[in-house]
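The sequence shown begins at 13 in this note's numbering and counts up one residue at a time.
Quick reminder that beta carbons are idealized off the backbone N, C-alpha and C, glycines included.
Predicted, not measured: the structure shown is a model, and the values here were computed from it.
One structure is given here, and the rest of the page talks about it.
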Amino acid sequence: MTYTYTNQKQIRAAFREQHPDLDFKLYSPAGADTRHNRYCTDTRMAFRDFIDQLARNNEISDALAHRATL
């Protein structure tokens, strides 16, 4: 099977291109674990919905859908 996207970098680029209105500013609350990116909830949820839709349409593999991060 041929997938539209084969790595996380391609997915992130497509997501940002298709959602220019979202807030991509990183937030780091006091005491937060700074090893992980902290995006606002709306952005994180839109990304998960985007990944879910790509997986349902067979545009990405299930393995990539499970490991994709913003």
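Q.
Alpha carbons only, please: which of Cys-52, Tyr-17, Ala-75, Ala-77 is nearest the one belonging to Leu-38?
A. Nearest C-alpha to Leu-38: Cys-52.
Q) So what's Thr-16 in DSSP terms, helix, strand or just coil? A) The DSSP-derived three-state label of Thr-16 is coil.
Q | Rounded C-alpha distance that separates Gln-22 from Thr-55 | A | 17 Å
**Q.** Secondary structure of Lys-37, DSSP reduced to three states
**A.** coil
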